[in-house]
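Sequence order for the protein chains is R and W.
Be aware that the first sequence starts at 1, since it is given in this note's numbering, and climbs by one per residue.
Be aware that the second sequence starts at 116, since it is given in this note's numbering, and climbs by one per residue.
Note that CB positions come from ideal geometry on N, CA and C, so glycine has one too.
It should be emphasised that the depicted structure is a prediction, and the values quoted were computed from it without experimental measurement.
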Amino acid sequence: NAGVTQTPKFRILKIGQSMTLQCTQDMNHNYMYWYRQDPGMGLKLIYYSVGAGITDKGEVPNGYNVSRSTTEDFPLRLELAAPSQTSVYFCASSPVVAGLIQPQHFGDGTRLSIL
Amino acid sequence: AQTVTQSQPEMSVQEAETVTLSCTYDTSESDYYLFWYKQPPSRQMILVIRQEAYKQQNATENRFSVNFQKAAKSFSLKISDSQLGDAAMYFCAYSSNAGGTSYGKLTFGQGTILTVHP
Numbered sequence: 001n002a003g004v005t006q007t008p009k010f011r012i013l014k015i016g017q018s019m020t021l022q023c024t025q026d027m028n029h030n031y032m033y034w035y036r037q038d039p040g041m042g043l044k045l046i047y048y049s050v051g052a053g054i055t056d057k058g059e060v061p062n063g064y065n066v067s068r069s070t071t072e073d074f075p076l077r078l079e080l081a082a083p084s085q086t087s088v089y090f091c092a093s094s095p096v097v098a099g100l101i102q103p104q105h106f107g108d109g110t111r112l113s114i115l
Numbered sequence: 116a117q118t119v120t121q122s123q124p125e126m127s128v129q130e131a132e133t134v135t136l137s138c139t140y141d142t143s144e145s146d147y148y149l150f151w152y153k154q155p156p157s158r159q160m161i162l163v164i165r166q167e168a169y170k171q172q173n174a175t176e177n178r179f180s181v182n183f184q185k186a187a188k189s190f191s192l193k194i195s196d197s198q199l200g201d202a203a204m205y206f207c208a209y210s211s212n213a214g215g216t217s218y219g220k221l222t223f224g225q226g227t228i229l230t231v232h233p
């Protein structure tokens, strides 16, 4: 099992460029999440999904879009990159056992710099 | 909205000693989970321990234990017999379990950097 895989691990973008951060999990988890972690801070929720075709906004969704066409994949798209989006991005997934959401499994993160 | 506060930006401990990291939270809910996550320099997010709010007994995992004070909304992490490998950023986090609408979303504190001296 690979768990939660994020690509790329590191990327530099120019202001105004767009890109997609990839996230895939092979654990058949229904719940998936995107967080961002600014330097010296805790993680903040950008978007989440409770299953294929269902997504919703988290605390800091502005400037991002997501889609969930399959259980495995949950890509995060930046349309017009801004310096404020320089951050480390984490994808996570959770299983549901006996109706209870279990602790999240995290990917290793993508460090994104926008210059 | 729920908030999580970690008032200690940095803590240090001698190897083999005990250290306690503090966390307070604010919520109007009665059913929730609390977590401690460890983030080493590799930036992996590693679950250390989880506490269910409806359980009065404090959670323990080997050298890690919590002091959960529900009325005071306090959730501290005690690390016993500290090891060099415990050096990391530690995050306290909250997740609602109320009404089937929480979806496991986590709210994190700002983190505490723990240094372990040999």
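C-beta contact flag for residue i and residue j at 8 Å
| i | j | result |
| --- | --- | --- |
| G219 of chain W | F206 of chain W | no |
| Q25 of chain R | E72 of chain R | yes |
| Q85 of chain R | L115 of chain R | no |
| S94 of chain R | P103 of chain R | yes |
| F90 of chain R | L43 of chain R | yes |
| S195 of chain W | N182 of chain W | no |
Contacts that residue i makes with chain R (C-beta to C-beta distance below 7 Å)
| i | result |
| --- | --- |
| M160 of chain W | F90, F106 |
| F190 of chain W | Near F190 of chain W there are no residues of chain R at all, since even the closest Cβ is about 14 Å away, more than 7 Å. |
| F183 of chain W | In chain order: nothing, as chain R lies at least about 16 Å away. |
Contact set between residue i and chain R, taken where Cβ atoms lie within less than 9 Å
| i | result |
| --- | --- |
| G200 of chain W | Here the premise fails: no neighbours, minimum Cβ distance about 18 Å. |
Within chain R, the residues that residue i reaches when beta carbons sit closer than 8 Å
| i | result |
| --- | --- |
| F150 of chain W | P103 |
| K220 of chain W | Y33, L45, Y48, G58 |
Terminal residues of the beta strand (DSSP E) in which residue i lies
| i | result |
| --- | --- |
| I15 of chain R | It is not in any beta strand (DSSP E) - I15 of chain R carries neither H nor E in the DSSP assignment. |
| L115 of chain R | Per DSSP, L115 of chain R belongs to no beta strand (DSSP E) and is neither H nor E. |
| Q37 of chain R | 31-37 |
| N182 of chain W | 179-184 |
| C207 of chain W | 203-211 |
| D26 of chain R | Looking at the DSSP string, D26 of chain R is not in any beta strand (DSSP E), and its letter there is neither H nor E. |
| K193 of chain W | 189-194 |
Paired residues, beta bridge with residue i - DSSP
| i | result |
| --- | --- |
| G51 of chain R | R:I54 |
| Q129 of chain W | W:H232 |
| H105 of chain R | R:S93 |
| L78 of chain R | R:M19, R:Y64 |
| I161 of chain W | W:K153 |
| Q6 of chain R | R:C23 |
8 Å contact criterion, which residue i and residue j should meet: CB distance rounded
| i | j | result |
| --- | --- | --- |
| S197 of chain W | E130 of chain W | 6 Å |
| D201 of chain W | L229 of chain W | 6 Å |
| Q37 of chain R | V88 of chain R | 5 Å |
| F179 of chain W | R165 of chain W | With a Cβ gap of about 11 Å, F179 of chain W and R165 of chain W do not count as contacting. |
Within chain W, partners of residue i - CB distance below 9 Å
| i | result |
| --- | --- |
| M41 of chain R | F223, Q225, G226 |
Proximal residues of chain W, C-beta to C-beta of residue i below 7 Å
| i | result |
| --- | --- |
| G109 of chain R | R158 |
Beta-carbon neighbours of residue i, restricted to chain W and to distances below 8 Å
| i | result |
| --- | --- |
| S113 of chain R | Under the 8 Å cutoff, chain W gives no residues; its nearest Cβ is about 15 Å from S113 of chain R. |
| S94 of chain R | G219 |
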